[in-house]
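If you read the protein sequences in the order shown, they are chains A and B. Note that our numbering has the first sequence beginning at 927, numbered continuously upward. Note that our numbering has the second sequence beginning at 5, numbered continuously upward. Here the structure comes first, spelled out in structure tokens, and everything after it is commentary.
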Amino acid sequence: MKRIMFLIVLATAYAFAAEPKIKVVTSLSDLAILTKAIGGERLEVEALVRGSQNPHYIEVKPSYMLKLKSANLFVAVGMQLELWAQQIIDGSRNPNLIIIDCSKNVKKLEVPTGKVDAGMGDVHPQGNPHYWLDPENVRVILDEILQHLVKLSPADAEYFRANVAEFTKRLDAKRAEWSALMAPLKGLKLVTYHSSFSYFAERYGLAVVGYVEPKPGIPPSPSHTAELIRLMRSSGVKIVGVEQYFEEKTPQQIANTAGARLVRLCTSVGGREGTDDYFKLIDYNIRAIVSAAKDS
Amino acid sequence: MKTSHAIVLLSCFVAGSSVSAHAQSVFNPDISIISRFRFESNDGQKLPEERAFSKPEFTFEEFEVAIQSYLNPYARADVFLAKGGAGEEPIEIEEAYATFLKGLPLDLNIRIGKYLTEFGKLNTMHPHSWSFLSKPLSLQRFLGEEGINDLGISASILIPAGDVVYAKLTADVLRGHTIGTLDPTSHTQGGGVGMIDTASSEVFYANSGRLMVFVPVSENGDLELGVSGLTGIHDPYARLRFTYANIDFKYKWKPNAYTSLVLQGEALFNHRKISRGTDIRGRTILQSFSSQGFYLYGNLQFNKVFTVGGRFDWTQSPYSTHEKAQGGAVFVGFYPVEETAAFRLQYEHVRTTSPGAATIGVNTISLQFMFSMGPHKAHPF
């Protein structure tokens, strides 16, 4: 009997001693990886969108609402990339959910001027939201998430900061490596399916001269395709980059006709094999572009 | 000096205007418009021996305006106005309700207003989001063309079912006046002995409820199961009650942006008391009566712009098991750019059986075009 009592007391003490982890749900897998880098084992982190999915078009599923119901934080890219998120947030019925918009302090590209309407395609009124593909912006993202985590759990502040410092150190080393690899390609012209690589291209001095889509989110048309091929020929474009979630048929035809090479790029962690973390994701894209530039 | 004052004043005015314009655009509700047009022909307008497809008729099916906004951090409001036809048909309030989303005990959601009730799966969906062009026969007959769309109050609660299974229970108290049914014997829509008959001044509420369970069954596949019930008075003079039970399922498999498969079905069971005249003492003869109906459909998206699907319907009448209808439809959807513009083509065959009359089969071919403007939110799953 005494032994049973002892076990019950022990189990109760353990249950009280094990503090519940902060639960973070992110929209993209990239943000999940970065949040994990800050919070380590003290956070429970989950992403809604898989790396292989197009983050612009995500179905509003009750299972996503369930994930947010018990979450403390929802980390989003912002800039209206996750237009679907508000319904999931509302459906979660979680009045205490804190929403982090990582784009707050990002230097934004391609911010449209004047009136924005559907005639411009699925244009984002606040600018191009694919900023996480510029490694320099990772610092801004980490800082934004860190601030909120520290507020939520001040006792863990030093632990979080130390993790950020360690991650940033590693990032700096990789940034130097990536810059060295990309330096010879400065001015390289390429075409991508969607404007996902604008920040990446600006960082490494690449010139994205056109898109397979005639306008953001609009499927390619024959006239646009013909125009793009003419442009590629006249500008000497030898690379057509296609994000992991787009079909290959049209870009392959464009590449074949224009005498270019199709390269499968990846916008998110886990979107293709060998992109399990942020470093591997950028490694993957740089390797793909360097290799295609060498061969063309 | 005067000029500089004028410039300062003008600047202040311009700045003030732009702030006001900004504030206005920030606080304006989202406004969306969805229009549906139809080109249709059928062979049911003449005697069977003279069967021929009618001259295709071009109709303005519906013009819907959605006005949606948050009222405050805890609640939002949704208003849907609809007008059928391009003539002098009235503009109707299809739905107008406020939903209290957060901050209530037990994480309750409360909805108040006029709305499509959560009874089954299809009832809450507007026709533009269906894969097909015509309402399933069972829902036409038992719920009427407008569905269960009534004034009321709804409360829903999430039932704890672990980290994977989402379970929601919804209960409604409805005014109970506008639930119409299609009585095939009267050849009118909602004109049979139903709750649409409001000549009685007495108030009879209707009650409805639905339990839904959503289960992700694989990385790319999700299953939703639902059980619903609805009860109310269908004959206000004799105070005769009806009860509907409904089971529904929807499975969706979507491995990538260019491929998806939806399988969905609902079965509705009707039980009601019906008056069968009076006996020799003048007392009403009551009869308990049951009937049912169901539909099943599948829809496959096989590339970015095309979908193809089929539906099978079978139903009895709310008032007779001998009044039957069954049919099938095949449909193709073409979304040339995005879902902002769509063409849908449907062929439907419906066979109606009435006691003492020959079975009538009608074929209908419909081509629909619809466009949408604005940020009308997608229907969840």
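Idealized CB from N, CA, C, for every residue including glycine.
Which residues does DSSP list as the beta-bridge partners of B:His-275? As a working note, residue 275 of chain B is residue 271 in the second sequence. B:His-275 pairs with B:Thr-247 and B:Ser-294.
Inspect the CB distances between the region 1194-1204 of chain A and the region 1174-1183 of chain A and report whether three or more fall short of 8 angstroms. no
Find the residues of chain A that neighbour B:Ala-261, judging by a C-beta separation of less than 7 angstroms, and give them in chain order. Residue numbering aside, residue 261 of chain B sits at position 257 when the second sequence is read from its first letter. Neighbours of B:Ala-261 on chain A, chain order: Asn-980, Tyr-983 and Tyr-1171.
Is the beta carbon of B:Phe-62 closer than 8 angstroms to that of B:Ser-39? Working through the second sequence from its first residue, we reach residue 39 of chain B at position 35. Working through the second sequence from its first residue, we reach residue 62 of chain B at position 58. No, these two residues do not count as a Cβ contact at 8 angstroms.
Only counting runs of 3 or more residues, tell me where the beta strand (DSSP E) segments fall wholly within the region 1068-1106 of chain A, in order along the chain. none
A:Leu-992 and B:Asp-167: beta carbons closer than 8 angstroms? Within the first sequence, residue 992 of chain A is the residue found at index 66, counting from 1. Within the second sequence, residue 167 of chain B is the residue found at index 163, counting from 1. In this structure, B:Asp-167 lies closer than 8 angstroms to A:Leu-992 by Cβ.
Quick one: list the residues of chain A neighbouring B:Gly-107, beta-carbon separation under 8 angstroms, in chain order. The sequence position of residue 107 of chain B within the second sequence is 103, counting from 1. In chain order: Pro-1021.
From B:Pro-140, B:Ala-159 and B:Pro-33, residue whose alpha carbon lies closest to that of B:Lys-172: Locating residue 172 of chain B in the second sequence gives position 168, counting from the first residue. Ranking the options by Cα distance to B:Lys-172, first place goes to B:Ala-159.
Counting contacts by CB-CB distance shorter than 8 angstroms, is A:Ala-1102 in contact with chain B? As a first step, residue 1102 of chain A must be located in the first sequence, where it is residue number 176. No, its Cβ sits nowhere closer than 8 angstroms to a Cβ of chain B.
Helix, strand or coil at A:Lys-962 [DSSP, three-state]: As a first step, residue 962 of chain A is located in the first sequence; it is residue number 36 there, counting from the start. A:Lys-962: helix per DSSP, three-state reduction.
Continuous beta strand (DSSP E) assignments of at least 3 residues falling wholly in the region 1185-1214 of chain A: 1187-1190
Every unbroken alpha helix (DSSP H) within the region 1126-1182 of chain A, with a cutoff of 4 residues, ordered by chain: 1148-1161
Quick one: what's B:Ile-116 bridged to in DSSP? Within the second sequence, numbered from 1, the residue matching residue 116 of chain B stands at position 112. Looking at the DSSP assignment, B:Ile-116 forms a beta bridge with B:Ala-102 and B:Ile-157.
Do you know how far the Cα of B:Phe-375 is from the Cα of B:Ser-24? Against the second sequence, residue 24 of chain B aligns to sequence position 20. Against the second sequence, residue 375 of chain B aligns to sequence position 371. Here B:Ser-24 scores only 49 on pLDDT, less than 50, and its place in the model should not be relied on; the value that follows carries that caveat. Looking at the two C-alpha atoms, the distance is approximately 32 angstroms.
Extent of the continuous beta strand (DSSP E) run through A:Ala-973: Position 47 of the first sequence holds residue 973 of chain A. Counting along the chain, the beta strand (DSSP E) containing A:Ala-973 begins and ends at 969-973.
Beta carbon of A:Ser-1149 nearer than 8 angstroms to that of A:Tyr-1137: Along the first sequence, one-based indexing puts residue 1149 of chain A at 223. Along the first sequence, one-based indexing puts residue 1137 of chain A at 211. Taking 8 angstroms as the Cβ cut-off, A:Ser-1149 and A:Tyr-1137 do not qualify as a contacting pair.
List the endpoints of the continuous alpha helix (DSSP H) containing A:Tyr-983. Taking the first residue of the first sequence as 1, we reach residue 983 of chain A at position 57. Per DSSP, A:Tyr-983 belongs to no alpha helix (DSSP H) and is neither H nor E.
Any residues in the region 295-310 of chain B with a beta carbon nearer than 9 angstroms to a beta carbon of chain A? Which ones, in chain order? Asn-307, Lys-308 and Val-309
Whose C-alpha, out of B:Tyr-170, B:Ile-71 and B:Ala-102, is nearest the C-alpha of B:Val-221? On the second sequence, position 217 is the one that residue 221 of chain B refers to. Nearest of B:Tyr-170, B:Ile-71 and B:Ala-102 to B:Val-221, Cα basis: B:Tyr-170.
Can you give me the Cβ contacts of B:His-275 inside the same chain, cut-off strictly under 6 angstroms, excluding the 5 residues immediately before and after it? Sequence index remark: in the second sequence, residue 275 of chain B carries index 271 (1-based). Answer for B:His-275: Thr-247 and Ser-294, listed in chain order.
Measure the C-alpha to C-alpha separation of A:Gln-1013 and B:Phe-57 and round it to an integer number of angstroms. Taking the first sequence and counting its residues from 1, one reaches residue 1013 of chain A at position 87. Taking the second sequence and counting its residues from 1, one reaches residue 57 of chain B at position 53. If I take the Cα positions, the gap works out to 45 angstroms.
Helix or strand or just coil, what does DSSP make of B:Asn-224? Within the second sequence, numbered from 1, the residue matching residue 224 of chain B stands at position 220. Looking at B:Asn-224 - three-state DSSP - the assignment turns out to be coil, as it is neither helix nor strand.
Identify every residue that forms a DSSP beta bridge with B:Arg-42. Within the second sequence, the letter at position 38 stands for residue 42 of chain B. DSSP lists B:Thr-63 and B:Gln-372 as partners of B:Arg-42.
What span of residues does the alpha helix (DSSP H) with A:Asp-1016 cover, start to end? Counted from its first residue, the first sequence places residue 1016 of chain A at position 90. Segment 1011-1018, the alpha helix (DSSP H) holding A:Asp-1016.
Let me know if B:Thr-176 comes out buried or exposed under the rule of 16 or more other beta-carbons within 10 Å of its beta-carbon. Taking the first residue of the second sequence as 1, we reach residue 176 of chain B at position 172. The sequence shown places Asp at residue 176 of chain B, rather than the Thr named in the question. Buried is the call here.
Taking the alpha carbon of A:Thr-952 as the point to measure from, which residue in A:Gly-977, A:Glu-1139 and A:Ile-1144 has its own alpha carbon closest? As a first step, residue 952 of chain A must be located in the first sequence, where it is residue number 26. For A:Thr-952, the nearest C-alpha among the options comes from A:Gly-977.
Residues that B:Val-341 contacts on chain A, provided the C-beta gap is smaller than 8 angstroms: Along the second sequence, one-based indexing puts residue 341 of chain B at 337. Chain A residues near B:Val-341: Ile-1144 and Pro-1145.
Can you find a CB in chain B that lies within less than 8 angstroms of the CB of A:Met-991? As a working mapping, residue 991 of chain A is identified with position 65 in the first sequence. Yes - at least one Cβ of chain B is within 8 angstroms of the one on A:Met-991.
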